[in-house]
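Working notes for the structure below.
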Amino acid sequence: MNWVKIFNSLQEAQSRLTENKPQLVVAGSIRICLVMRGDQFFAVSNRCTHNGESLSKGRVNFSNEIVCPWHGYQFDLRTGREYRQRSADLETFPVKIEADGVYIGM
Ligand code: FES
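For our numbering, count along the sequence shown from 1 and bump the result up by 162.
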């Protein structure tokens, strides 16, 4: 697995992200929707598998799902699965926090 640094420290990530607010990040050449919830980070493909909308424009609900802003499909941030399986799963990416930065595994 190739780990791509997206922030230089946990503190930088926490200062640049807003809790529960999806954020677009580009890791390598891949567009990723990143969500910070408490001390956890979730990274999924930014492209909705239904019709391609940018999920970083969506919102996070109480069930730990990213909700697409176009047709409201709901994808689990851990598994990428749409809760009614109306479209393909999102690709998910691991996030790790090291002393020298926050990384996404590609
Ligand atoms: S494009 Fe995302 S639900 Fe339709």
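Backbone N, C-alpha and C define an ideal beta-carbon position, used for all residues, glycine too.
Residue from the options whose Cα sits closest to the Cα of residue i
i, options, result
"M268", "P184, I194, N170", "I194"
"S216", "D201, Y235, R246", "Y235"
"D262", "W165, S171, N164", "S171"
"R221", "L196, N164, V166, E174", "L196"
"G214", "S177, R246, D201, A250", "A250"
"R209", "N182, N164, P231, E181", "P231"
Integer Cβ distance of residue i from residue j, believed to fall under 8 Å
i, j, result
"V264", "F169", "4 Å"
"L252", "V188", "Not really, about 17 Å apart at Cβ, beyond 8 Å."
"F204", "R248", "In fact, because the Cβ distance is near 20 Å, the residues do not count as touching under 8 Å."
Buried/exposed call for residue i, threshold 16 Cβ in 10 Å
i, result
"F224", "exposed"
"S191", "exposed"
"L186", "exposed"
"A175", "buried"
"E227", "buried"
"M163", "exposed"
Through-space distance from residue j to residue i, alpha-carbon basis
i, j, result
"D238", "E244", "6 Å"
"K167", "P184", "18 Å"
"G200", "T180", "10 Å"
"E260", "N182", "22 Å"
"R178", "T211", "27 Å"
"G242", "V229", "11 Å"
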